[in-house]
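Asker:
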Amino acid sequence: MKKEEILFMVKETEVRLAPFCTCEGLALHGISHLRRVSILSGRLASAVGEDVEAAVVMGFLHDCARTDDKAGDGHAHDSSVLARRLLGRFYPHLDADRICHAIARHADGEVTDDGLAACLWDADRLELKRIGREIDLDLLSTEVAWRLARARAARRAVLIGGGHDGKS
Ligand SMILES: [Fe+2]
Ligand SMILES: [Fe+2]
Numbered sequence: 033m034k035k036e037e038i039l040f041m042v043k044e045t046e047v048r049l050a051p052f053c054t055c056e057g058l059a060l061h062g063i064s065h066l067r068r069v070s071i072l073s074g075r076l077a078s079a080v081g082e083d084v085e086a087a088v089v090m091g092f093l094h095d096c097a098r099t100d101d102k103a104g105d106g107h108a109h110d111s112s113v114l115a116r117r118l119l120g121r122f123y124p125h126l127d128a129d130r131i132c133h134a135i136a137r138h139a140d141g142e143v144t145d146d147g148l149a150a151c152l153w154d155a156d157r158l159e160l161k162r163i164g165r166e167i168d169l170d171l172l173s174t175e176v177a178w179r180l181a182r183a184r185a186a187r188r189a190v191l192i193g194g195g196h197d198g199k200s
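Under this note's numbering, the first residue of the sequence shown is numbered 33, with each subsequent residue one higher.
1. Determine the DSSP secondary structure at Lys34, reduced to helix, strand or coil.
2. Quick one: is Asp105 buried, meaning 16 or more other Cβ sit within 10 Å of its Cβ, or exposed?
3. Drop a sphere of 10 angstroms on the beta-carbon of Lys199, count the other beta-carbons inside from all chains shown, and report buried for 16 or more, exposed for fewer.
4. Count the other CB atoms, across all protein chains shown, that sit within 10 Å of the CB of Leu191; report buried if there are 16 or more and exposed otherwise.
5. Regarding Arg162 and ligand 1, is the C-beta to nearest heavy atom distance less than 8 Å?
6. How would you label Arg137, buried or exposed, when you count the other beta carbons within 10 angstroms and need 16 or more for buried?
7. So, helix, strand or coil for Ile71, using DSSP?
8. May I ask whether a heavy atom of ligand 1 can be found less than 8 Å away from the beta carbon of Asp95?
9. Starting from the Cα of Leu152, find the closest Cα among Met41, Gly193, Asp83 and give me that residue.
10. So for Asp95, helix, strand or coil by DSSP?
11. Using the rule of at least 16 other Cβ atoms within 10 Å of the residue's Cβ for burial, across every protein chain shown, is Val113 buried or exposed?
12. Can you tell me whether Ile163 is buried or exposed, with buried defined as 16 or more other CB within 10 angstroms of its CB?
13. Which residues in the same chain have their Cβ closer than 7 Å to the Cβ of Thr45, if we skip the five residues on either side of it in sequence?
14. Round the Cβ separation of Asp154 and Leu172 to the nearest angstrom and send it over; I've been treating them as touching at under 8 Å.
15. Less than 9 Å between the beta carbons of Ala86 and Leu180, yes or no?
16. Just to confirm before moving on: does the CB-CB distance between Asp146 and Arg130 stay below 9 Å?
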């Protein structure tokens, strides 16, 4: 799917779901974080042949019930509960069990063989750079995310004049 089509889908998803998300206003995990993860999750899904709509919606909902920016996995469970309600109301055609399982486990620090869950987990981890944390390449589940992270690290290394990302 073209990038423009994914961006349009994310925009529609945001209009529909943002009013129900408790994370609005958070500095690190507010609506802009949901939007970025949704876009990246959709693009990864398109690249690996997973359901783009499911990946976009899942990306937008993954932190939907956050109420603070603290670390930990409690918000993942809370978000999966709220996500199930919203999926039932707005997206009854999507696989809520698969999506909610991926949301509930996204902060457990694992990799996955589930291609759809991998899109969310990798998208969220690629976003770690935004809060100044290094991306652990061993915690990326898809080859395409791994290559993207490597390319970004190489670009950064060139920018700071090192020419090496220190990881290889
Ligand atoms: Fe999260
Ligand atoms: Fe997140």
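Each residue gets a CB set at the ideal place from its N, CA and C atoms; glycine is no exception.
Answerer: According to the structure data:
1. coil
2. exposed
3. Unreliable positioning characterises Lys199 in this predicted model, as indicated by a pLDDT of 40, which lies under 50. A coordinate reading is not provided.
4. exposed
5. no
6. buried
7. helix
8. yes
9. Asp83
10. coil
11. exposed
12. exposed
13. Ser70, Val88, Val89, Phe92
14. 5 Å
15. no
16. yes
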